[in-house]
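Participant: Handing you this structure, nothing more for now.
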Amino acid sequence: AVPPRFRLQVATELACYERRLPGSSPAPNHAESFVCVEGAWWRTQGVGNAPDWLAELPEGAVYAERVEQAVSIFWDEKMGSDGLSMLRQAIEKID
48 AVPPRFRLQV ATELACYERR LPGSSPAPNH AESFVCVEGA WWRTQGVGNA
98 PDWLAELPEG AVYAERVEQA VSIFWDEKMG SDGLSMLRQA IEKID
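In this note's numbering, each residue's number is its place in the sequence shown (first place is 1) plus 47.
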């Protein structure tokens, strides 16, 4: 869940794009989640910068979560197939 301090209010339906990561990708020690507020990505827990790959996500992506060997991205799908391509390219940059 997105903490209330981010005041995330989404007026449209979101789709979840989920993808398993290759076994060679280092898994985080715990789940990591991020929220996009006014074009900037923030961690929902702890401190520190959000990973660079989040900046590559299409407009309309508002929440991302990384657990073990998978990543989930919630977005509004308005960019269609171009947005899907951007999602795939961003995920490939996860290290």
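Ideal Cβ positions, reconstructed from N, Cα and C, are used throughout, including at glycine.
How long is the line joining the alpha carbons of Y64 and G86, rounded to whole angstroms?
Facilitator: The alpha-carbon atoms of Y64 and G86 are separated by roughly 19 Å.
Participant: Can you tell me the Cβ-Cβ gap for A58 and W122, rounded? I've got them flagged as a contact below 8 Å.
Facilitator: With 8 Å as the limit, A58 and W122 do not qualify as a contact, their Cβ atoms being about 14 Å apart.
Participant: What do you get for R113, buried or exposed, if any count of 16 or more other CB atoms within 10 angstroms of its CB means buried?
Facilitator: R113 should be labelled buried.
Participant: Does DSSP classify I141 as helix, strand or coil?
Facilitator: Coil.
Participant: When DSSP labels each residue in this structure, what does E115 get in the three-state scheme?
Facilitator: It is coil, neither helix nor strand.
Participant: Taking Cβ positions, are K140 and D99 nearer each other than 9 Å?
Facilitator: The answer is yes: Cβ separation under 9 Å.
Participant: Ends of the beta strand (DSSP E) at A58?
Facilitator: Neither: A58 is in no beta strand (DSSP E) and is coded neither H nor E.
Participant: Tell me the residue span of the beta strand (DSSP E) that contains E85.
Facilitator: From DSSP, E85 is part of no beta strand (DSSP E); its letter is neither H nor E.
Participant: When the Cα of I138 is compared with those of V82, L104, R90, which residue comes out closest?
Facilitator: Taking only the C-alpha atoms, the option nearest I138 is L104.
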